[in-house]
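Engineer: Chains as they are written, first to last, in the numbering used here: chain A, 365 to 881; chain B, 234 to 715. Just so it is clear, CB atoms sit at the ideal spot from N, CA and C, and this is done for glycine as well. This one's a predicted model, so the numbers in the text were calculated from it and none came from an experiment. Starting off with a structure, shown below.
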Amino acid sequence: MSDSEIRPSGPNDLEIDERLHPGVELALLRARTRRHFLRTLGGGLGTLFLGTLAPKAARAAAVSPEGDALDFTRDASSPLAALPPQFPAKVQRVIYLHMAGAPSQLELFEYKPELKRFDGQDCPASFLAGKRFAFISGVPKLLGSQYPFHQTGESGHWISDRLPHIEKHIDDLCFIKSMRTEQFNHAPAQLLVHTGNPRLGYPSLGSWVVYGLGTVNQNLPGFIVLLSGGKSPDGGKQLWNSGFLPSVYQGVQCRSHGEPVLYLANPPGVTRPLRRGMLDTIDEINRQTYATFGNPETVTRIAQYEMAFRMQIEAADAMDIRKEPDSVRAQYGAKPDEASFANNCLVARRLAERGVRFIQLYHWGWDSHGADAKEALNLGFIDRCREVDQPTGALLADLKSRGMLEDTLVVWGGEFGRTPMRENRGGQEMKYIGRDHNPSAFTLWMAGGGIKPGITHGQTDDMGYEVVKDPVEIRDLHATMLYLLGFDHHKLNYRFQGLEQKLTSVKPARVVAEILA
Amino acid sequence: MTLPNRLSASTGVGLLAAPILVLLVLLVLLPPDGTERAAWAQFIGRFHPLVVHLPIALILLVPVMELVGRDQRFPYLRASAPFVLVLALIGGIFASLLGWCLGRTGGFSGPLVTQHMWSAASLVTLCWLCWVLRGRGGRLEVLYWIALWAAVGASAWTGYRGGQISLGEDLLTQHMPGALRKLLGVAAGTATDPTIGGGTTFYGARIQPIFNRNCVTCHSREKRKAGLRLDTYAGIMRGGKRGAIVKAGDLRGSDLFRRIKLPSTDDNFMPKGGKPPLSPDQVKLIELWIADGASATAALDSVKGAPADVESSVRAEITFGAVDFAEVAKRRAEVAPTLARLQQRFPNVLEFESRGSADLVVNALVMGDKFKDDDLAALTPLSKNIVMADFSRTAITDCSAPVLAGMKRLRTLRLMHTRIGDLTMRSLTNLDQLESLSVFDTAVTPAALPALARLPKLQRLYVGQTAITATGSNAVKEKLLF
Chain A
365 MSDSEIRPSG PNDLEIDERL HPGVELALLR ARTRRHFLRT LGGGLGTLFL GTLAPKAARA
425 AAVSPEGDAL DFTRDASSPL AALPPQFPAK VQRVIYLHMA GAPSQLELFE YKPELKRFDG
485 QDCPASFLAG KRFAFISGVP KLLGSQYPFH QTGESGHWIS DRLPHIEKHI DDLCFIKSMR
545 TEQFNHAPAQ LLVHTGNPRL GYPSLGSWVV YGLGTVNQNL PGFIVLLSGG KSPDGGKQLW
605 NSGFLPSVYQ GVQCRSHGEP VLYLANPPGV TRPLRRGMLD TIDEINRQTY ATFGNPETVT
665 RIAQYEMAFR MQIEAADAMD IRKEPDSVRA QYGAKPDEAS FANNCLVARR LAERGVRFIQ
725 LYHWGWDSHG ADAKEALNLG FIDRCREVDQ PTGALLADLK SRGMLEDTLV VWGGEFGRTP
785 MRENRGGQEM KYIGRDHNPS AFTLWMAGGG IKPGITHGQT DDMGYEVVKD PVEIRDLHAT
845 MLYLLGFDHH KLNYRFQGLE QKLTSVKPAR VVAEILA
Chain B
234 MTLPNRLSAS TGVGLLAAPI LVLLVLLVLL PPDGTERAAW AQFIGRFHPL VVHLPIALIL
294 LVPVMELVGR DQRFPYLRAS APFVLVLALI GGIFASLLGW CLGRTGGFSG PLVTQHMWSA
354 ASLVTLCWLC WVLRGRGGRL EVLYWIALWA AVGASAWTGY RGGQISLGED LLTQHMPGAL
414 RKLLGVAAGT ATDPTIGGGT TFYGARIQPI FNRNCVTCHS REKRKAGLRL DTYAGIMRGG
474 KRGAIVKAGD LRGSDLFRRI KLPSTDDNFM PKGGKPPLSP DQVKLIELWI ADGASATAAL
534 DSVKGAPADV ESSVRAEITF GAVDFAEVAK RRAEVAPTLA RLQQRFPNVL EFESRGSADL
594 VVNALVMGDK FKDDDLAALT PLSKNIVMAD FSRTAITDCS APVLAGMKRL RTLRLMHTRI
654 GDLTMRSLTN LDQLESLSVF DTAVTPAALP ALARLPKLQR LYVGQTAITA TGSNAVKEKL
714 LF
């Protein structure tokens, strides 16, 4: 039995310590009915049963023949303890660079000379039939790439002139040009990318990974989220939510300027021993609560307090990019006390070095509709490229020089693609140049352990509008990532609502074997 | 008492024998020959599959009525049997005539359609015979039953052949579940051999598979529409009723190419009948093949500019290696007490590589400078199980060299940001499984490189932020990463 079968207690289980208030105790005793008695009896039996669970934590790592459900139970006091993967893993950790807003593949990676040839002409009716757009209306014009492309590297990839630093690593990248999604609005599409489901309430990729593998460094969260670009992604905190998994597996959002975690440092006048004493007392109360109700969320609370205490030392150190030499900061373009993608990339490398399992970066501002200068392909887009290009290149270089690209998976991509048509909001030609959302095709690249470097997988039509070869669905991407982390995606389960829930959900997902080294 | 009996006595026999004779004459004199003819006849012919199921059902009903009617409770069933029989006969004749229309004018030819046709003709004849023989008593009664069962058999055979014409020759086995297939001894695979021409020639590997997948349902030995066979090289080059369809090196003169390039709404477009059109890649392959001389023997790589072979390379499915769990459990048991003790001492540092492995992964980096040489020495009993080890940021020094040298199965070793130096490097020479070594930011110097060059499997040596530089030549130059 897994800990999921411990049900949270009902609303009637008042979490009041009646010993503190004799009057309350009397009232509660008077109100106690046969039902209360039976429920307490059940709870007591449950508690006894829970006592038998602890030894199972050691068994989780034990040999389990294939076909058996994998056991992910751990000692209640260390829910993030590392567990071995199902199969030997190709990568130990993931750095996911999400470009929130969906960067235009046609300005970066998708070289489409035919589209350029038809630039400015009316879009054929067949492109519009049965399609839904966020803003395009009437008959839009086709829009060729705004930037020149060239072939580069030994792999001969085509790339635009916007990403000169990433370009240096082009032979290490594997492009998937046939990504597809079923959502054409940001929040659901981001949810789909990060939780495998466009609706709220499902655990994120990072949560699944930390649930399945734990994390080696118990002084830092196993799943850390860093934001830049001035705004949270549209999907909000749900993107690193733990859904129905115990909340200890949710992503911990850290800040890359100021205190990495708000209120983590002790306030003036509170010493570390004093903090320890306070936590011991709180823990004791929480343990009693857990003994009474058996709610795993109580254990999560205890574990989080303990982790916060340990993090007080290590997190501050890990997140402090001042500890890096000036030369390294210059390579990333990182400046202390900024919430920049550059700082986050440098922090990501420092976290990876410290054994953090899943590092999730979001950079907002890629929604190049052309409605204003900030989201114009000919203006804001240039800034976005500049903001991410150098740090991404530096991150890849650092991982490579340390040998860490061998067992780290780096993923770079948005939540969907952009149309080959120029956006014409309200049917009018707009002041700035932009493209609308295109869920039918987008480009994503991966690099690192287990990935075939320097290849392109999949293909879109001459306009870059639809996938014509080897489509890769989001669930296929997830299945592939879990495979690299050592899991058959069917086997990384959590029992919830009577189902063995999994990241890839119910539609058949396929590990993209063609991109594996 | 009944209409049929009265009819049989007089004009009935002749009345129904006449259309049968007409049918037989048509079949003999005007058989299907693969040519498409008048549209109106084809239009009528298309109703054949629609009409044909009624007589089939009726014929099968006759023996049922005869047998059940023997029961005293249902005498009326027996009495009605001739009525159903005559309906079946009329329906059968009608369906057969429609079938002839379709076969004659729809461009069919080949043994499949011929067998279907003659089998249907015998079925109709048998029905007629049944009707003539029924109710005559004595020996004729025996003949009636023989004819009736023969008619049932003939309808099954006719139906099967008809099904093959419309759904393909493997209609019964195509989607047969594997278990049943095994039970019946039915071989898997398609009716046509996909390797015709051999996998080493461009034609065999790239062109014939396209025809096999898209064309042979209609153009094969069994069902030769338009007199054309696309299941063999000879058949393709011979062409059909209208002459050659492929002219080597002449795209314009190749009718096959013209038809696959037409808009899919065109009457002459192939494959027709709502079947999926060829993909752009497939059209391109055929174009290149014809332009290059439509050779059967040209080598696979002789045709330049051919689209990548997605059919064979793509869709490889990932499989997970089988694990001998008993063996793993045994190997785990050997180290279990030591491992348990060390896991207690170094939480989260030692872990199995996977759930199906007794090999260990060491992640000492999480302990930082709290992990010293004595701690590393404590791992000695597990040496032969450790396959990956990361001691980055720990306080280990060259004193640990013998312990590291004892981890003979190491594939990956990370010693970043440590005080390890050349001494350790020189002692690692017997790590014959080591593929990746990172000494980033250590005291290792170029003097250690000759020793590291002796590592047989070493592929990547990370020497950033050490005294080693890219300049100068050395034995492991191509393995160095900065």
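If you draw a straight line from the C-alpha of A438 of chain A to the C-alpha of V709 of chain B, how long is it?
Structural biologist: It should be pointed out that residue 438 of chain A corresponds to Arg in this sequence rather than to Ala. Answer to the nearest angstrom: the Cα atoms are 45 Å apart.
Engineer: Using a C-beta cutoff of 8 Å, does F451 of chain A count as contacting chain B?
Structural biologist: Closer than 8 Å to some Cβ of chain B, the Cβ of F451 of chain A qualifies, so yes.
Engineer: Which class does M543 of chain A belong to by DSSP, given the choice of helix, strand or coil?
Structural biologist: Looking at M543 of chain A - three-state DSSP - the assignment turns out to be strand.
Engineer: Report the CB separation of S342 of chain B from T391 of chain B in whole angstroms; it is logged as a contact under 8 Å.
Structural biologist: About 18 Å; that fails the 8 Å criterion.
Engineer: Excluding the 5 residues preceding and the 5 following V547 of chain B in the sequence, name in chain order all residues of the same chain whose CB lies nearer than 8 Å to its CB.
Structural biologist: Note that V547 of chain B scores 45 on pLDDT, short of 50, meaning its location in the model is unreliable; the coordinates nonetheless yield the value given after this. Nothing meets the Cβ criterion.
Engineer: Buried or exposed for Y627 of chain A, please, with buried defined as at least 16 other CB atoms from any protein chain shown within 10 angstroms of its CB.
Structural biologist: Exposed, by the Cβ-count rule.
Engineer: Check whether the Cβ atoms of W776 of chain A and L472 of chain A lie closer than 8 Å to each other.
Structural biologist: For W776 of chain A and L472 of chain A, no; Cβs fall outside 8 Å.
Engineer: With three or more C-beta pairs closer than 8 Å as the rule, is the stretch 651 to 671 of chain A touching the stretch 610 to 624 of chain A?
Structural biologist: Short answer: they touch.
Engineer: Are there 16 or more other CB atoms within 10 angstroms of the CB of S545 of chain B, so buried, or fewer, so exposed?
Structural biologist: Any reading at S545 of chain B needs caution, since the residue's pLDDT is 47, under 50, leaving its predicted position unreliable; the model's value is listed next. Exposed, by the Cβ-count rule.
Engineer: Tell me whether W382 of chain B is buried or exposed, calling it buried when 16 or more other Cβ atoms sit within 10 Å of its Cβ.
Structural biologist: Exposed, because fewer than 16 other Cβ atoms sit within 10 Å of the Cβ of W382 of chain B.
Engineer: Taking only three categories from DSSP, how would you classify Y695 of chain B?
Structural biologist: Residue state, collapsed to three classes: strand.
Engineer: Which of the three DSSP states, helix, strand or coil, is assigned to D338 of chain A?
Structural biologist: The shown model of chain A, from 365 to 881, leaves out residue 338 of chain A, and the question about it has no answer.
Engineer: Any residues in the stretch 768 to 793 of chain A with a beta carbon nearer than 7 Å to a beta carbon of chain B? Which ones, in chain order?
Structural biologist: The stretch 768 to 793 of chain A vs chain B, Cβ under 7 Å: E770.
Engineer: Which one or two residues does DSSP pair with I588 of chain A in a beta bridge?
Structural biologist: A:V616, A:I723, per the DSSP bridge assignment.
Engineer: Note down, in chain order, every chain B residue with its Cβ under 9 Å from the Cβ of L308 of chain A.
Structural biologist: Residue 308 of chain A lies beyond the residue range present for chain A, which begins at 365 and ends at 881; the question has no answer from this structure.
Engineer: If contact is defined by three or more beta carbon pairs under 8 Å, each pair taking one atom from either stretch, is the stretch 634 to 647 of chain B in contact with the stretch 580 to 591 of chain B?
Structural biologist: No, the stretch 580 to 591 of chain B is not in contact with the stretch 634 to 647 of chain B.
Engineer: Decide if H853 of chain A is buried, meaning its Cβ has at least 16 other Cβ atoms within 10 Å, or exposed.
Structural biologist: So H853 of chain A counts as buried.
Engineer: Taking its Cβ as the centre, do 16 or more other Cβ atoms sit within 10 Å of G594 of chain A, making it buried, or is it exposed?
Structural biologist: With fewer than 16 Cβ atoms within 10 Å of its Cβ, G594 of chain A is classed as exposed.
Engineer: Going along chain A in order, which residues have a C-beta closer than 7 Å to the C-beta of M649 of chain B?
Structural biologist: The contacting residues are R766.
Engineer: Output the distance between the C-alpha atoms of L682 of chain B and S765 of chain A, rounded to the nearest integer angstrom.
Structural biologist: Rounded to whole angstroms, L682 of chain B to S765 of chain A spans 17 Å at the Cα level.
Engineer: Suppose only complete runs of 4+ residues qualify. What are the alpha helix (DSSP H) ranges in the stretch 590 to 665 of chain A, listed by chain order?
Structural biologist: Runs of the alpha helix (DSSP H) inside the stretch 590 to 665 of chain A: 636 to 657.
Engineer: Span of the beta strand (DSSP E) holding W730 of chain A?
Structural biologist: No beta strand (DSSP E) contains W730 of chain A, which DSSP labels as neither H nor E.
Engineer: Using a Cβ-Cβ cut-off of less than 7 Å, give me the residues of the stretch 484 to 504 of chain B that come near chain A, in sequence order.
Structural biologist: Within the stretch 484 to 504 of chain B, no residue has a Cβ that lies closer than 7 Å to any Cβ of chain A.
Engineer: Spell out whether any CB of chain B is found under 8 Å from the CB atom of T690 of chain A.
Structural biologist: Checking the sequence, you will find Asp at residue 690 of chain A rather than Thr. It does not; no Cβ of chain B falls within 8 Å.
Engineer: Kindly indicate which residue of B:V357, B:Y436, B:T347 has the alpha-carbon position closest to the one of V319 of chain B.
Structural biologist: Measuring from the Cα of V319 of chain B, the nearest candidate turns out to be B:V357.
Engineer: Please report whether the beta-carbon of E550 of chain B lies at a distance below 8 Å from any beta-carbon of chain A.
Structural biologist: Yes, E550 of chain B counts as interfacial toward chain A.
Engineer: Going straight from the alpha carbon of K454 of chain A to that of V574 of chain A, what length do you get?
Structural biologist: So the two alpha carbons sit approximately 16 Å from each other.
Engineer: Should G697 of chain B be flagged as near chain A, meaning a C-beta pair shorter than 8 Å?
Structural biologist: Closer than 8 Å: yes.
Engineer: Got a sec, what are the start and stop residues for the alpha helix (DSSP H) G757 of chain A sits in?
Structural biologist: Segment 744 to 765, the alpha helix (DSSP H) holding G757 of chain A.
Engineer: Keeping to the same chain, check which residues put their C-beta closer than 7 Å to that of L362 of chain B; ignore five residues upstream and five downstream.
Structural biologist: Excluding sequence neighbours, L362 of chain B sits near A380.
Engineer: Quick one: does N376 of chain A have its CB under 8 Å from some CB of chain B?
Structural biologist: Only weak support exists for where N376 of chain A lies, its pLDDT of 46 falling under 50; the coordinates are left without a value.
Engineer: Based on Cα-Cα distance, which residue from A:G822, A:R839, A:M827 lies nearest to K833 of chain A?
Structural biologist: When each option's Cα is compared against that of K833 of chain A, the closest is A:G822.
Engineer: What does DSSP give as the partner residues of A811 of chain A in its beta bridges?
Structural biologist: A:V774.
Engineer: Am I right that F548 of chain A and F780 of chain A are in contact with their C-beta atoms under 8 Å? What's the rounded C-beta distance?
Structural biologist: Confirmed, Cβ separation roughly 7 Å.
Engineer: Within the same chain, show all residues whose beta-carbon is closer than 7 Å to that of L291 of chain B, passing over the 5 residues directly before and after it, in chain order.
Structural biologist: Cβ within range, chain order: V317, L320, A321, G324.
Engineer: When you check each C-beta in the stretch 675 to 694 of chain B against every C-beta of chain A, which residues fall closer than 7 Å?
Structural biologist: Flagged, chain order: R693.
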